[in-house]
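Trainee: This is the structure I want to talk about, given as structure tokens.
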Amino acid sequence: SWLNKPEADRPDLIMLYIEEPDMAGHNFGPKSEETGKIVHRVDSLMGVLSAQIAALPYADRVNLIVTSDHGMTDISPDRFVDATLYLNPDWCELVDGTTPTSIFTKEGYRDSVYNALKDIEHIDVWKKEDIPTEINYGTSDRIGDIVVAPELGWQFAYKPKTSKGAHGYFPQSPDMQVMFRAYGPDFKQGYVSENFVNVDIYPLLAK
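Below you can see the structure in the form of structure tokens.
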């Protein structure tokens with residue numbers, strides 16, 4: 090209905106977020122039959138949207154982008170690093186998130202936290218200023234003094250999650266990769282990129 094408005098009233102940008110298959114992936118795992126059914130359903134909805142755009146009298150002027158915010162991988166309590174074994178509560182102001190984890194340390198205890206975690210298997214640990222640039226974290230004050238990133242499929246927390254799927258791992262991991270499809274007058278036809286990253290979507294839309 091928005092795309093059928095008179096041109097003067099028609100939005101220049103419409104964004105639609107579909108919550109699935111995120112919930113199914115968390116609850117049942119990304120490779121489950123239940124998640125597969127949800128993927129087929131969302132695919133069908135995208136088919137309806139695409140067909141209705143194609144039926145517009147100015148369809149050749151519409152750009153359509155379909156993508157996702159993250160991938161999903163299998164997790165289990167068997168692949169778990171127990172933070173309680175390494176973190177002294179007196180060292181930390183706040184331990185926020187699980188994949189990755191931001192640790193805001195109390196004054197004078199930053200090195201204590203880092204040294205307690207830096208040699209543990211299945212996790213990467215950085216001081217804020219040493220976070221790899223390819224992770225695109227920037228310098229936000231919401232990032233802890235210490236950041237812990239588990240290996241793909243592993244968890245670092247006070248207790249393991251009960252869900253069967255998770256995300257938040259290294260974006261270079263194949264399981265975290267997402268599809269990106271786009272067509273319309275501003276896109277090349279048949280062009281394939283092997284190096285597309287999600288943070289490029291914002292400047293693309295702005296242009």
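Heads up: the sequence shown begins at 90 in this note's numbering, then just goes up one per residue.
Where a beta carbon is used, it is the ideal one built from N, C-alpha and C, also for glycine.
These numbers come from a predicted model, not from an experiment.
So, does the segment 188-201 touch the segment 147-155, judging by three or more C-beta pairs under 8 Å?
Mentor: No: fewer than three Cβ pairs fall under 8 Å.
Trainee: Please look up how many angstroms separate the CB atoms of GLY254 and ILE164, rounded, as I've assumed it's under 8 Å.
Mentor: With a Cβ gap of about 6 Å, GLY254 and ILE164 count as contacting.
Trainee: The alpha helix (DSSP H) with SER201 in it runs from where to where?
Mentor: Where SER201 is concerned, the enclosing alpha helix (DSSP H) stretches over 199-206.
Trainee: Our contact map puts TYR175 next to ALA205 with C-beta atoms below 8 Å; I'd like the distance itself, whole angstroms only.
Mentor: TYR175 to ALA205, Cβ: 5 Å. Contact.
Trainee: Taking contact to mean at least 3 C-beta pairs separated by less than 8 Å, is the segment 206-219 in contact with the segment 228-247?
Mentor: Touching, yes, given that three or more Cβ pairs across the two stretches are closer than 8 Å.
Trainee: Compute the distance between the beta-carbons of LYS265 and TYR258, then report whether it is under 7 Å.
Mentor: What sits at residue 265 in the sequence shown is Met, not Lys. Their beta carbons are under 7 Å apart, which means MET265 touches TYR258 by this criterion.
Trainee: Give the DSSP bridge partners of ILE154, in chain order.
Mentor: For ILE154, which the question treats as bridged, DSSP gives the partners ALA271.
Trainee: Just list the residues that DSSP pairs ASP185 with in beta bridges.
Mentor: Beta-bridge pairing links ASP185 to SER191.
Trainee: Please list, in chain order, all residues of the same chain as ILE103 whose beta carbon is under 7 Å from its beta carbon, the five residues on each side excluded.
Mentor: Closer than 7 Å at Cβ, skipping near neighbours: TRP91.
Trainee: On the three-state DSSP scale, how would you describe MET209?
Mentor: A small correction: the amino acid at residue 209 is Ile; Met does not occupy that position in the sequence shown. ILE209: coil per DSSP, three-state reduction.
Trainee: Using the rule of at least 16 other Cβ atoms within 10 Å of the residue's Cβ for burial, across every protein chain shown, is ILE127 buried or exposed?
Mentor: So ILE127 ends up on the buried side.
Trainee: Among all the DSSP beta bridges, which residues are the ones paired with LYS216?
Mentor: ILE235, per the DSSP bridge assignment.
Trainee: From ASN287 to VAL155, what does the alpha carbon distance come to, in whole angstroms?
Mentor: Distance between the alpha carbons of ASN287 and VAL155: 12 Å.
Trainee: Between the alpha carbons of SER252 and ASP98, how many angstroms are there, rounded?
Mentor: Straight-line Cα distance between these residues: approximately 44 Å.
Trainee: DSSP puts GLN244 in a beta bridge; with which residues?
Mentor: According to DSSP, which records beta bridges pairwise, GLN244 is partnered with PHE169.
Trainee: Can you name, in chain order, every residue of its own chain whose Cβ lies under 7 Å from the Cβ of GLU182, other than the five neighbours on each side?
Mentor: Only PHE193, THR194 and LYS195 meet the Cβ criterion.
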